[in-house]
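Protein chains in written order, with the numbering used here: chain A, 742 to 783; chain B, 5 to 98. C-beta atoms are modelled at their ideal positions from N, C-alpha and C, and glycine is treated no differently. Below is one structure; the comments refer to it alone.
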């Protein structure tokens, strides 16, 4: 999958992978992060 | 957010902890909120959705970055079940 130039909505979760981590990965793959969130359901 | 950009340039990247929540998130951004409880009830955005631990996503991220941010947590997640759940939703016809 090529993320280069794509716009990414990063929906993280506290008990899984957090939004900041998803955003860092997406940016390193050449994508632009347009929304980043970390949900918590506790 | 989805209305501000073209559908084919957007990717939703999930970091959900299990197959059930991954399916729920994926369905919500593709076909609309299946629980009919939220703002996206009945709204089929049709967005491409992937989980960060899916092999095709992992291979597109530099190894050092992936190891720093995802690898440790992915060891305790059921990545196969999660990948199956998200792939089923992504490849389903609306």
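Just list the residues that DSSP pairs residue i with in beta bridges.
i, result
"residue 747 of chain A", "In DSSP, residue 747 of chain A forms no bridge with anything."
"residue 16 of chain B", "A:750, B:53"
"residue 31 of chain B", "Bridge partners of residue 31 of chain B: none, in fact."
Is the beta carbon of residue j closer than 8 Å to that of residue i?
i, j, result
"residue 56 of chain B", "residue 766 of chain A", "yes"
"residue 14 of chain B", "residue 44 of chain B", "no"
"residue 757 of chain A", "residue 778 of chain A", "no"
"residue 61 of chain B", "residue 94 of chain B", "no"
"residue 770 of chain A", "residue 65 of chain B", "yes"
"residue 6 of chain B", "residue 49 of chain B", "yes"
For residue i, which residues in the same chain have their Cβ closer than 6 Å to its Cβ, ignoring the five residues on either side in sequence?
i, result
"residue 23 of chain B", "85, 86, 89"
| query | Taking one C-beta from the stretch 77-94 of chain B and one from the stretch 17-35 of chain B each time, how about it: are there three or more such pairs within less than 8 Å? | reply | yes
| Going along the chain, which unbroken runs of the beta strand (DSSP E) with 3 or more residues stay wholly within the stretch 43-83 of chain B? | 52-55
| query | Does the stretch 761-780 of chain A come close enough to the stretch 742-753 of chain A to have 3 or more Cβ pairs within less than 8 Å? | reply | Contact annotation: the stretch 761-780 of chain A touches the stretch 742-753 of chain A, with at least three C-beta pairs closer than 8 Å.
| query | For the stretch 56-71 of chain B against the stretch 28-41 of chain B, are there 3 or more C-beta pairs whose distance is under 8 Å? | reply | no
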